[in-house]
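Participant: Pasting a structure here, questions to come.
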Amino acid sequence: MASRLGLGVSALALIVLIGWGLDLDLLKQVIPGLVEMKLVTAVGFALAGAALRMRASAHADAKRIGVGLAALLLVWSAGQLGLAFSAYDFDFGSELFGSRGHFASGSSGTPEMSPATAIAFCLVAIATMVDRRWPRLGHAVAIGAFVVALVEFLAFLYEIEPLQRFGRFEGMPFHTSLGLLAASLGALFLRPDVGLPSALVDDSIAGRELRRVLPVSIGVPLVLGALARVGDREGLWSDAYDMAILASATMIALLTLTVVLYRSLRDPKARRTGRSRRFAPARINIGRPSSTRRSGSPISRQRTLARANARLCEILGYEEVELLELTYAAVSHLDDLDVDVKQWELLCRGEIDAYGVERRFRSKSGEEIIAEVRLVRDEDADGNLVHFIAVIQDITGRKISEGTMRVYQRALAAARNGIVITDATRPDHPINYVNDAFLEITGYEASEVLGKNCRFLNEKARDQAALEEIREAIAQGEACSVLMRNHRKDGTGFWNQLSIAPVENADGKVAHFVGIMTDATESVRAGAERDDLLRVAENANRAKDRFLAIVSHELRSPLNAILAWSSILEDEGGDEVVGRAASAISAAVRSQTRLIDDLLDVSRIRGQRLEVDMARIELASAIRDVVEQMRPIAEEHAIELAFESPSAVVFVDADPERITQIVRNLVDNALKFTPAQGRIEVVLAVGERSVELTITDTGPGLDPADLDRIFDEFWQGSAPGAAGTKGLGLGLPIVRYLVERHAGSIEAKSEGAGRGLSMIVRLPRSDAPSGEARRSQPVEIAASDSPPKTESPDHDLTGLEIVVVDDDPAWVEATSAALTKRKAIVRTAHSVAEAQRHFERGAPDLLVSDIGLPDRSGLDLIGAVRRLPQPTASVLAIAVTGMTDAESRARVRRAGFDACLGKPIPPDVVLEEIGRLRGLLAAPSAPERRVLVVADSQGSADPIVEAPGPKDIKSRLRAAKRPRPRGFARTNPGSSWSGAARRPRGGYDRGACVLRRRACRRR
């Protein structure tokens, strides 16, 4: 109300201010013929209205309150200035503070503000400022301002001249008095909950009747007095008649008011106290908050609605006029019309005074409303039935919540998992709910567990780590999930998969813990069985790997001797038939070796143990090296092999050995099916983000239906091979796997039978390395893959003492013959013990030893050698083994061998490796040579040469006038400098290079 009154005061001020701005007397006077309101008064009203609205706002914050107080201070200041100018006869702008009297004509007036106006402004300002802290004082001051304005209003209404003037000062204008009346009432109603305003807004019978009587009590005397004054002024009666008429009229009005008040108090409705429009929403822990609402209405004996309060109208969605035209049945749910027939009849007969029932109603919009209804007989003083009063409480929200709760309860009871709820607000967290599944799992009855702590389930298993985890989670108010051992009521144990979670109350505090338990005994047992089966499978897999390694070794060992002797026969020349026979034998050995390698690769792929060691390499040079190595094979079969690559340097992240294997397998596959005089094109194309390698042949091609099967294991096309016999059909599946491991793709294309085949490999492109560009070092094709030799390299081994150890006499004899031919001094052995006797007689220059020896391993032999005194311990050592997987090669290098060669090995490969190692030792001016030796830095037992980085290594190599070892690179910061060019498929392994101190005798 205060806000509305403030708005009215502001509107009055706005009208006057517009009049002053446009110089319109009509707007300044508001009512024609009246004196105009001064500008300062209008500004004061504007400030007072704004202050009332800000102070009365329900959302008033500190800023709004501050602005309101500032406005009030300005109002108070205006009043003080007005009083000062009036008291001391100041003339500070008569147009601002003066007043001319109430009538425009006939009264010049004085220029000063009326003291009554100034006093009223001050009182309104004070009342508004103190209302929050001292509301009763504010009410008293506001009533004072109201009285001042009322006196000026009555003086104008009854034309009482003495009240319109204060000595030489004029009274306030009529519309100024109206504005001050509104402003003072606004200040009074800023706190309607205290004092007189609380009585005016009270919802009780007293408040309602006061609001009905007050307008009559104030308005009737004012109107009658005004009428009497008009009659006297017009000469209708004398002063005596004025008083008689005023007294009679006032008596009649008050008598009428008394009768109305009596009838109102006699009405049964007046005996009911006012009720709040709605109860506060009830907060529940499950579901949405609901509002509980009540309404009351009297019902006639025919169940028609005689009166309805606003709350019932709100609940049902009707206007009161619409609702009173309906019957009680019309707003009830059809299925609930007869729910209370018996009670209604008893109530009508007076046998009961009231009854309650729960029933459904239909709102105007068709919405179903569930309510609790209490019907009461309402009788008059003589005991006669007057009305039925129905008090309706809307419980729709509560019923929905109850229904939801029942669904939740049924869901908890029907759950297959055991559910337990504990009270976290009580000591020891007692159980206050368990479902049927919990009782079924544990074997207890509900009465045996309710109120207890859950620890009775683990009385026999207190030493579990899971219990401590649960305690910690409960202490922290957090959720957790554990697997723990529990015991049933009968003592049998079971595995409990338990998950607990906290449940908070409305205050955000943990009130309960909910535990969900599952009997995981079968799952744990099945898991244990799976683990056993997995261990069995892993053991079987390891046994298979060992079997394949042994088979590979045993298959390679005889091939080793065959290839050695065939190579010697080829080197000897002589008889043409013998040469062809030796070439055929070598080709057969190469084919057999490829089959062994393919089988081992497929085994590693299936076991996901095929290693891929990624590095950034220059791709074109790697492909060119493979093409050049295979060109003699193509020329032998009269096939043209061409390679085309872009001029730009292309880098990819790839395993150099596997890239070599991919290209070699694809070119080898093309050679198999390309006839003589055919052509194979190897083309490298570069895209923005990828590179594309296409290998196209002029062979028989493939039917489009077979293109999808070309990468299946063991699948072979129907076309006969041109350059050799068919393999096992494993080469292309291995290629596809390797390409995919490099995040690439491979595709086969053929336009049909007789039109050739294209294999397209796509790999992601990489940026150039930031440092020195690393050119991919070529990985040489194995000896078993090489074409027949036309001439052997010239290796002079004069005076070099070599110990050759192998349990295969044929290979030992062939290798010894090749070494002896180069003027080396060869001592042979077939066991570790026999080799050790050679070392006891004197240290050799070189040791060539097999790993699988009959008495002990070659690893034991090299270990014993490295433990001998210097310089014997520093003898160069080359390992020969049929186990060519990465793990076996690493184990050999860690044991102390300087190089590792994979069987089958022709003698010329052994000679080449000896020459390479000797070349690393060739430092002519040094009395004691420090050399690069092929070995693994991790397995090195000898001290590292004082070489802090690659510059020192390069300088040593330049001094020896030898090329940098292949694959030489820094492994990690602060480590030794090492690198590797790994074993080519089916051939020997160059090993890894590490700077090792070697004290070697000069021969």
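Letter 294 of the sequence shown, counting from 1, is numbered 464 in this note's numbering, and no numbers are missing.
Glycine residues also receive a C-beta, built at the ideal position from the N, C-alpha and C atoms.
1) Out of curiosity, what's the CA-to-CA distance linking E971 and P1014?
2) Hey, could you find the ends of the alpha helix (DSSP H) F1009 is sitting in?
3) Within a Cβ cutoff of 7 Å, which residues of the same chain sit near K630, ignoring the five residues on either side of it in sequence?
4) Specify whether the region 788-797 and the region 812-819 touch according to this definition: at least 3 beta carbon pairs, one from each stretch, less than 8 Å apart.
5) Per DSSP, what kind of secondary structure is Y1176 in: helix, strand or coil?
6) Pick out whichever of G1089, A226, G922 and G1085 has its Cα sitting closest to the Cα of D876.
7) Could you tell me the alpha carbon to alpha carbon distance between V796 and R705, rounded to whole angstroms?
8) Output yes or no for whether 8 Å exceeds the beta carbon distance between G356 and L182.
9) With a cut-off of 8 Å on the beta carbons, I'd call L244 and L175 a contact; round off their distance for me.
10) In three-state DSSP terms, what is R445?
11) Using a Cβ-Cβ cutoff of less than 6 Å, which residues in the same chain neighbour L725 once the five nearest sequence positions on both sides are dropped?
12) Can you give me the Cβ contacts of I880 inside the same chain, cut-off strictly under 8 Å, excluding the 5 residues immediately before and after it?
13) Tell me where the beta strand (DSSP E) around T990 begins and ends.
14) Check each candidate in D825, Q847, G777 and V837 and name the one with the smallest Cα separation from E810.
15) Leaving out the 5 sequence neighbours to the left and right, which residues in its chain are closer than 8 Å to D937 when beta-carbon positions are compared?
16) With DSSP as the reference, label F316 as helix, strand or coil.
17) Look at the alpha carbon of R529 and the alpha carbon of A594, and state the distance between them as a whole number of angstroms.
18) For a test of the three-state rule: what should DSSP assign to V400, helix, strand or coil?
19) Going by DSSP in three states, V931 sits in which element: helix, strand or coil?
20) Going by C-alpha to C-alpha distance, which of E515, V833 and A396 sits closest to L545?
21) Please go through the same chain and pick out, in chain order, the residues whose beta-carbon is closer than 6 Å to the beta-carbon of V833, but skip the five residues on each side of it.
22) Using the DSSP secondary-structure output, state which residues sit across from R849 in a beta bridge.
23) Going by C-alpha to C-alpha distance, which of A478, A1034 and C518 sits closest to N554?
24) Nearest-angstrom Cα distance between S535 and E639?
25) Do you know how far the Cα of P672 is from the Cα of G678?
26) Figure out for me which residue from A325, G365, P362 and H345 has the closest Cα to the Cα of R392.
27) For Q199, count neighbouring C-beta atoms within 10 Å of its own C-beta (all shown protein chains included) and say buried if the count is 16 or more, exposed if not.
28) Taking T998 as part of the alpha helix (DSSP H), name the residues at either end of that continuous run.
29) Would the beta-carbon of Y603 fall within 8 Å of that of K659?
30) At the level of alpha carbons, what is the spacing between A636 and E542?
31) Quick one: residues in its chain with C-beta nearer than 6 Å to the C-beta of R586, no 5 flanking neighbours on either side, listed in chain order?
32) With a threshold of 8 Å, are at least 3 pairs of Cβ atoms found where one atom belongs to the region 740-752 and the other to the region 998-1006?
33) Quick check: what's the CA-CA separation for N835 versus V909?
34) Taking the straight line between their C-alpha atoms, what separation do you get for A649 and H599?
35) Do G777 and N675 count as a contact pair if the criterion is CB distance below 8 Å?
36) How is the alpha helix (DSSP H) around L836 delimited, first residue to last?
Facilitator: Inspection of the coordinates gives the following:
1) Approximately 5 Å between the Cα atoms of the pair.
2) Segment V1002 to R1011, the alpha helix (DSSP H) holding F1009.
3) Its chain contains H657 as the residues whose beta carbon lies nearer than 7 Å to that of K630, once the 5 sequence neighbours on both sides are disregarded; these appear in chain order.
4) The region 788-797 makes contact with the region 812-819: 3 or more CB pairs, one atom from each, lie closer than 8 Å.
5) Because the chain here runs from 171 to 1173, residue 1176 falls outside it and cannot be looked at.
6) G922
7) C-alpha separation (whole angstroms): 42 Å.
8) no
9) Their Cβ separation, rounded to whole angstroms, is 19 Å, which puts L244 and L175 out of contact at 8 Å.
10) Its pLDDT being 35, under 50, R445 is placed unreliably by the model, and nothing is read from it.
11) I766
12) L872, G887, L902 and A918
13) Taken as a continuous stretch (DSSP letters only), T990 belongs to no beta strand (DSSP E), being part of the alpha helix (DSSP H) at P979 to K991.
14) Q847
15) Same-chain partners within the cutoff: F821.
16) helix
17) 39 Å
18) helix
19) strand
20) E515
21) I793 and V796
22) E810
23) C518
24) Their Cα atoms are separated by approximately 56 Å.
25) 11 Å
26) Note on residue identity: the sequence assigns Leu, not Arg, to residue 392. Nearest of A325, G365, P362 and H345 to L392, Cα basis: A325.
27) buried
28) Counting along the chain, T998 falls outside any alpha helix (DSSP H), though it belongs to the beta strand (DSSP E) covering I995 to A999.
29) no
30) 51 Å
31) A607
32) They do not touch, by the three-pair rule.
33) 12 Å
34) Roughly 15 Å separates the two Cα atoms.
35) No, Cβ-Cβ distance for N675 and G777 is not below 8 Å.
36) First-last of the alpha helix (DSSP H) with L836: P826 to F843.
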